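Notes follow once the structure below has been shown.
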Amino acid sequence: MGQWSQLEARGFAQSYRVPPDGLVVDVGGGRGRFLVELLRIRPDLRGILLDQPIVVSNHDLGQLDDRDRWQAVSGDFFESVPPDGDVYVLQYILNDWPDDQCVRILQSIRRSMKPESRVVALECVVPPGNAPHAGKGIDLVLLASFAGRVRTEAEFAELFSAAGMRLTRVMEKTGPGFLSIVEGVSQ
Numbered sequence: 001m002g003q004w005s006q007l008e009a010r011g012f013a014q015s016y017r018v019p020p021d022g023l024v025v026d027v028g029g030g031r032g033r034f035l036v037e038l039l040r041i042r043p044d045l046r047g048i049l050l051d052q053p054i055v056v057s058n059h060d061l062g063q064l065d066d067r068d069r070w071q072a073v074s075g076d077f078f079e080s081v082p083p084d085g086d087v088y089v090l091q092y093i094l095n096d097w098p099d100d101q102c103v104r105i106l107q108s109i110r111r112s113m114k115p116e117s118r119v120v121a122l123e124c125v126v127p128p129g130n131a132p133h134a135g136k137g138i139d140l141v142l143l144a145s146f147a148g149r150v151r152t153e154a155e156f157a158e159l160f161s162a163a164g165m166r167l168t169r170v171m172e173k174t175g176p177g178f179l180s181i182v183e184g185v186s187q
């Protein structure tokens with residue numbers, strides 16, 4: 001998924017405005033390839049990669065020249081995430097979990113947010129009803145494999161609300177794939 005994460009980071013950087021000199025926390029970011037690419041594109045940003053210890057121990061952040069711009073942190077996103085991020089990114093995370101676990105993840109992030117922080121989920125957002133969409137096939141795979149699922153915009157709004165947050169917008173991302181940018185803030 002590494003090369004795909006790099007492509008997603010490029011599309012994200014073109015589509016979404018992270019505040020200048022901002023701190024991006026990549027929650028469940030794997031080896032950090034999304035974060036590496038984002039920090040290459042935006043040299044003004046700093047980043048924190050959060051994932052399980054065994055995953056973080058093999059991170060790719062060392063590809064970046066400036067060690068002062070990034071940090072790799074071991075942890076459990078159900079329990080806590082690094083505080084004071086400007087943007088908390090969840091790429092392909094919420095679709096892996098049932099609603100109650102997604103709410104726990106979002107609540108964990110909300111506890112660490114500053115008042116102006118934002119949560120950005122890069123997820124497949126499907127239209128309601130029976131309208132055709134590539135994500136609906138993925139929905140079946142996720143349901144059978146992980147008990148996860150793809151969601152509609154209204155379903156994302158319900159998740160955010162249950163976690164004490166507010167969905168602020170859903171926007172299309174530039175580039176390949178069919179992920180949308182789902183943004184929320186603390187209430």
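Taken in order, the sequence shown gives residues 1 to 187; the numbers are from the UniProt record's numbering.
Yeah, the Cβ is synthetic: ideal placement off N, Cα and C, and Gly gets one too.
This one's a predicted model, so the numbers in the text were calculated from it and none came from an experiment.
Quiz item: To which residues of the same chain is residue 13 closer than 7 angstroms at the C-beta, ignoring the five residues directly before and after it?
Solution: 38, 41, 42
Quiz prompt | Residues near residue 90 in its chain [Cβ-Cβ closer than 6 angstroms; skip 5 each side] | solution = 27, 121
Quiz item: What residue does the beta strand (DSSP E) around residue 26 start on, and which one ends it?
Solution: 23 to 27
Self-check item: Between the CA atoms of residue 123 and residue 95 - distance to the nearest angstrom
Solution: 7 angstroms
Quiz prompt | Entirely enclosed alpha helix (DSSP H) segments - the UniProt domain "O-methyltransferase C-terminal" (7 to 165), minimum 4 residues | solution = 33 to 41, 53 to 56, 99 to 112, 134 to 146, 153 to 162
Self-check item: residue 57 burial status per 10 Å Cβ neighbour count (16 or more: buried)
Solution: exposed
Quiz item: For residue 110 versus residue 163, is the C-beta distance shorter than 8 angstroms?
Solution: yes
Quiz item: Which whole-angstrom value describes the C-beta separation of residue 11 and residue 87, a residue pair presumed to lie in contact below a C-beta threshold of 8 angstroms?
Solution: Their Cβ separation, rounded to whole angstroms, is 15 angstroms, which puts residue 11 and residue 87 out of contact at 8 angstroms.
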